[in-house]
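Accompanying notes for the structure given below.
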Amino acid sequence: MKECNQCGQCCIKYGNGGLTTSTRQINYWSDHRPDIFKYVKDGHIWFEPETGDPMERCPWLRKEPDKNIYTCKIYFDRPDDCKFYPSTLNEMVIDDCEMIEPKDLTNPRQGQKSLDIIMQNSRLEFEY
Ligand code: SF4
Ligand code: SF4
Numbered sequence: 053m054k055e056c057n058q059c060g061q062c063c064i065k066y067g068n069g070g071l072t073t074s075t076r077q078i079n080y081w082s083d084h085r086p087d088i089f090k091y092v093k094d095g096h097i098w099f100e101p102e103t104g105d106p107m108e109r110c111p112w113l114r115k116e117p118d119k120n121i122y123t124c125k126i127y128f129d130r131p132d133d134c135k136f137y138p139s140t141l142n143e144m145v146i147d148d149c150e151m152i153e154p155k156d157l158t159n160p161r162q163g164q165k166s167l168d169i170i171m172q173n174s175r176l177e178f179e180y
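The sequence shown runs 53 to 180 under our numbering.
This is the structure we're talking about:
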C-alpha cells in the first residue's frame with residue numbers, strides 16, 4: 053500500500069453530493085468557519101451559497117498549477133467522510149485509487165492492515 057499521491061480522483065468522484073459529515077462538524081463550521089458553512093444546506097454538502105443549487109464539484113478542491121496533483125483548501129477542517137477515505141480495499145478497487153499496489157490485491161488482508169495504519173492519523177482527527 054502506497055501513501056496517497058493526491059491524484060484527486062476521490063474528491064472529484066464524491067465531491068458532487070457524495071459526501072456527508074456529522075452534525076457536530078456542521079455546528080463547528082457554523083460557529084467557527086462561516087466560509088465553509090455557507091456551502092451547507094439542511095445538513096447536506098455542498099450547495100452554491102447564492103443559488104442553493106447542488107454543486108457539481110467540491111468547492112475546496114484545487115489543482116496545483118503545472119502539477120498533476122490536487123489539494124484540499126480546507127484540509128484541517130474537511131468533512132468527516134474525507135478524513136475516513138479510503139476505508140476499505142474494496143472501495144479503493146472500485147474507485148481506482150492509486151494507493152493500491154499489486155501485492156495488496158494478492159494479499160487483501162495485509163493490504164487492509166497497511167491501509168488502516170496509513171489512515172490512522174486521519175481517522176483520529178475525527179475524535180477531536
Ligand atoms: S473537502 Fe477536501 S478532501 Fe473533501 S472532497 Fe473536497 S477537496 Fe476533497
Ligand atoms: S483516489 Fe486514492 S490516491 Fe487518489 S487522491 Fe484519493 S486517496 Fe489519494
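Glycine included, C-beta positions come from ideal geometry on N, C-alpha and C.
- Look at Ile126 here: in three-state DSSP terms it is coil, with no helix or strand label.
- Inter-segment contact for the segment 61-71 and the segment 141-154 is present: three or more beta-carbon pairs are separated by less than 8 Å.
- Contact holds between the segment 63-74 and the segment 105-115, because three or more Cβ pairs, one in each stretch, are under 8 Å apart.
- Within the segment 70-122, complete beta strand (DSSP E) segments of at least 3 residues are found at 113-115, given in chain order.
- At least one heavy atom of ligand 2 sits closer than 7 Å to the Cβ of Cys62.
- DSSP places Tyr66 within a helical segment (H, G or I) once states are collapsed to three.
- If you compare the alpha carbons of Asp129, Phe128, Leu113, Arg130 with that of Tyr122, the shortest gap goes to Leu113.
- In the assembly as shown, Thr73 is a buried residue. Its beta-carbon has 16 or more other beta-carbons within 10 Å.
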